[in-house]
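Trainee:
Residue numbers (our numbering): 356 to 986.
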């Protein structure tokens, strides 16, 4: 459900503005809004000095954010009050720590790049050893380090031919296979023919590696020795960088966390001040608060400020043009499904929160599609592990609890279908209670379409009820659309013998009578909308299609056991196929059920465009991370 909100106005002497803002921030319930300006009441702006101060605070915030990111680990929880912390001190600590960490990061990056470059030359080391063991004199010789893919034999032949034509026997080409899909080659030519050899390499399409600058002037033997020695040194250098970073983290992580909270709260207070309207002697603050918290707000404000600061509710007529922020609040059982609702734009204030309906239909549809005891138990186990390892109020916790609900329905419908890893349930004595999905395509299709009728009609009824308080004509039209869907479904059932044939004629007459009322309510496009709605109902046939595909794949997996020469091999292939089917059976229903909700169901009543409830409160890294993920 969407919580009812109240708009309130707080008035007090101008010298109490800062204490009141601090009190509101501690309370963490008021979503501040700009009051309307009058001739005597003006929004509080910032002076040039204050704007310069804000720029300085933002620089400190940038420094501390970068420093915490470079630490590579979440900062410890910071205390709410930053006793003894001033902005100059915070700027000094944040700036110095950021610069230290940036230098460390630059060093680490350079070491990683150096290691990556040297690793490219490691396949050449064996070739270097060949040279040192041979009698090849490299005085006055230019050496090229070449890389060739294993399938590059044609380029190698072309290179050898070109070198022999241009240089005769004046070159040496040594090849060393590597562990990767590339071969390392070393080409030695007289220095006088270096430019010509370089051109031939380009024409042959062979890549030549360039030595790092510090190795350019050394001999081949010295190069390999230094490269090997440097590769052995690099892990210790990287460990030293990591050790220094951890030392800084031990020394400054808590300070950085305090500074981050301090500057973010400071910036939030400045932004809040800009939403205050003032006269020479008084201030006015306006904001939104949940209805249930209004009395507690007044009580606590009176206790803290006596009669110096007053709170008064603002009538709905005054804020009719400005929608209230939206807060979704549902019972604990439904709350995880807010994650599905919040994937869409928030509903407008005063409309319907679809979360309770999603909580009922989404896991049920999922269970109807997957409908297997074995897969349901497996999904429930995975979801339970994720729940135990996730943090409270996190997105992962919500997903895990949705998974548990889906697994429960999957097991229930698995018993109804008599399925345990496909037809294995039938083999061990499980019998279908409603129907066997391997054979009952039309009953399954009928169930899917019936669910579609219920879902779509429910969406139309919800839309009609919400419209009735405003546009009654449109509400009647929406209600008639729901009635038309039911009448058409009943008429078709009578036509196909699922209802007594005598019902057909009265139903057709009722449809013809209701049709003009539908056009009056929804306009001349009502027939088009009705056809579209019926198409939405047929979209629910995907429940049958995806569910049938899932059970058929499970049956195929079971039959693999005897399809191979050995039982063990067959069982391995069957398990692998079941695993693939399980993964598809989790993701495919999820995607299709989301589509049925977002497109077919929500389209009948959902009104997006609500603004997010963002109360003025103390900053915390966990809430900030949650908000970033939701965005």
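Heads up, the beta-carbon is just placed ideally off N, CA and C, and yes, glycines get one too.
Answer yes or no: do residue 627 and residue 885 have a C-beta to C-beta separation smaller than 7 angstroms?
Mentor: Their beta carbons are not under 7 angstroms apart, which means residue 627 does not touch residue 885 by this criterion.
Trainee: DSSP state of residue 500, grouped into three classes?
Mentor: Strand at residue 500.
Trainee: Near residue 367, what residues of its chain come up, given a Cβ to Cβ distance below 8 angstroms and the 5 sequence neighbours on each side ignored?
Mentor: 375, 637, 638, 660, 663, 664 and 665.
Trainee: Would you kindly work out how many angstroms separate the C-alpha atoms of residue 860 and residue 726, rounded to a whole number?
Mentor: Distance between the alpha carbons of residue 860 and residue 726 is about 38 angstroms.
Trainee: At which residues does the alpha helix (DSSP H) containing residue 649 begin and terminate?
Mentor: That run of the alpha helix (DSSP H) goes 649-660.
Trainee: Would residue 821 and residue 926 qualify as a contact pair, given that the criterion is a beta-carbon distance under 7 angstroms?
Mentor: For residue 821 and residue 926, no; Cβs fall outside 7 angstroms.
Trainee: In angstroms, rounded to a whole number, what distance separates the CA positions of residue 651 and residue 444?
Mentor: So the two alpha carbons sit approximately 38 angstroms from each other.
Trainee: Just to confirm before moving on: does the CB-CB distance between residue 653 and residue 974 stay below 7 angstroms?
Mentor: Result no, Cβ atoms of residue 653 and residue 974 do not sit closer than 7 angstroms.
Trainee: If you drop the 5 nearest sequence neighbours on each side, which residues of the same chain put their C-beta closer than 6 angstroms to that of residue 789?
Mentor: Within the same chain, residue 789 has close Cβ partners 771.
Trainee: When DSSP labels each residue in this structure, what does residue 396 get in the three-state scheme?
Mentor: Note: residue 396 maps to coil in three-state DSSP.
Trainee: Once the 5 residues before and after residue 724 are set aside, which same chain residues still bring their CB inside 7 angstroms of it?
Mentor: Cβ neighbours of residue 724 beyond the five flanking positions: 898, 901, 902, 905 and 944.
Trainee: Decide yes or no for the touch test of the segment 670-682 against the segment 963-970: beta carbon pairs closer than 8 angstroms, at least 3 of them.
Mentor: With a cut-off of 8 angstroms, the segment 963-970 and the segment 670-682 count as touching, because enough Cβ pairs lie within range.
Trainee: Grab me the residues of residue 501's own chain with a C-beta within less than 8 angstroms of its C-beta, minus the 5 sequence neighbours each way, in chain order.
Mentor: Around residue 501: 539, 540, 541, 542, 556, 561, 562, 563 and 564.
Trainee: Do residue 691 and residue 737 have their beta-carbon atoms positioned less than 7 angstroms apart in this structure?
Mentor: Taking 7 angstroms as the Cβ cut-off, residue 737 and residue 691 do not qualify as a contacting pair.
Trainee: For the segment 463-474 and the segment 579-589, state whether three or more C-beta atom pairs, one from each stretch, are separated by less than 8 angstroms.
Mentor: Yes: the two stretches touch, three or more of their Cβ pairs being nearer than 8 angstroms.
Trainee: Using the DSSP secondary-structure output, state which residues sit across from residue 967 in a beta bridge.
Mentor: Per DSSP, 681.
Trainee: Can you tell me whether residue 664 is helix, strand or coil according to DSSP?
Mentor: Three-state DSSP puts residue 664 in coil, outside helix and strand.
Trainee: What whole-angstrom Cβ distance do residue 937 and residue 733 have, given they're in contact under 8 angstroms?
Mentor: That belief holds up - the Cβ atoms of residue 937 and residue 733 are roughly 6 angstroms apart, short of 8 angstroms.
Trainee: Would you grab the beta carbon distance between residue 449 and residue 422 for me? Rounded to a whole angstrom, and I think it's under 8 angstroms.
Mentor: Contact holds; Cβ gap of about 6 angstroms.
Trainee: Under a Cβ-count criterion, where at least 16 other Cβ atoms within 10 Å of its own Cβ denotes burial, should residue 615 be classed as buried or exposed?
Mentor: Buried, by the Cβ-count rule.
Trainee: Work out the CA separation of residue 451 and residue 947 for me, nearest whole Å.
Mentor: Whole-angstrom Cα-Cα distance: 52 angstroms.
Trainee: Taking the straight line between their C-alpha atoms, what separation do you get for residue 874 and residue 958?
Mentor: Spanning the two alpha carbons is a distance of roughly 19 angstroms.
Trainee: Hey, could you find the ends of the beta strand (DSSP E) residue 361 is sitting in?
Mentor: 360-368 is the extent of the beta strand (DSSP E) around residue 361.
Trainee: By the 10 Å Cβ neighbour count, where 16 or more other Cβ atoms means buried, how is residue 465 classified, buried or exposed?
Mentor: Answer is exposed; the Cβ neighbour count stays below 16.
Trainee: I need the straight-line Cα distance from residue 762 to residue 701, nearest angstrom please.
Mentor: About 28 angstroms.
Trainee: Using 7 angstroms as the threshold, is the C-beta distance between residue 709 and residue 696 below it?
Mentor: Yes, Cβ-Cβ distance for residue 709 and residue 696 is below 7 angstroms.
Trainee: Can the beta-carbon of residue 440 be found less than 7 angstroms from the beta-carbon of residue 617?
Mentor: Cβ distance < 7 angstroms, so residue 440 and residue 617 count as in contact.
Trainee: Note down, in chain order, each residue of its chain lying with its Cβ closer than 6 angstroms to the Cβ of residue 986, except the 5 sequence neighbours on either side.
Mentor: At residue 986 the pLDDT is 45, less than 50, meaning the model places this residue with poor confidence and gives no usable figure here.
Trainee: Roughly how many angstroms lie between the CA atoms of residue 669 and residue 611, to the nearest whole one?
Mentor: Those two C-alpha atoms are separated by around 41 angstroms.
Trainee: Cα-Cα, which of 372, 390, 357 and 382 is closest to residue 363?
Mentor: When only C-alpha atoms are compared, the closest one is 390.
Trainee: I need the boundaries of the beta strand (DSSP E) containing residue 643, first residue and last residue.
Mentor: Taken as a continuous stretch (DSSP letters only), the beta strand (DSSP E) holding residue 643 covers 637-645.
Trainee: Less than 8 angstroms between C-beta atoms, sequence neighbours within five positions excluded: which residues of the same chain meet that for residue 812?
Mentor: Cβ neighbours of residue 812 beyond the five flanking positions: 837, 840 and 841.
Trainee: Taking its Cβ as the centre, do 16 or more other Cβ atoms sit within 10 Å of residue 810, making it buried, or is it exposed?
Mentor: With 16 or more other Cβ atoms within 10 Å, it is buried.
Trainee: For a test of the three-state rule: what should DSSP assign to residue 371, helix, strand or coil?
Mentor: The answer is helix: DSSP assigns residue 371 an H, G or I state.
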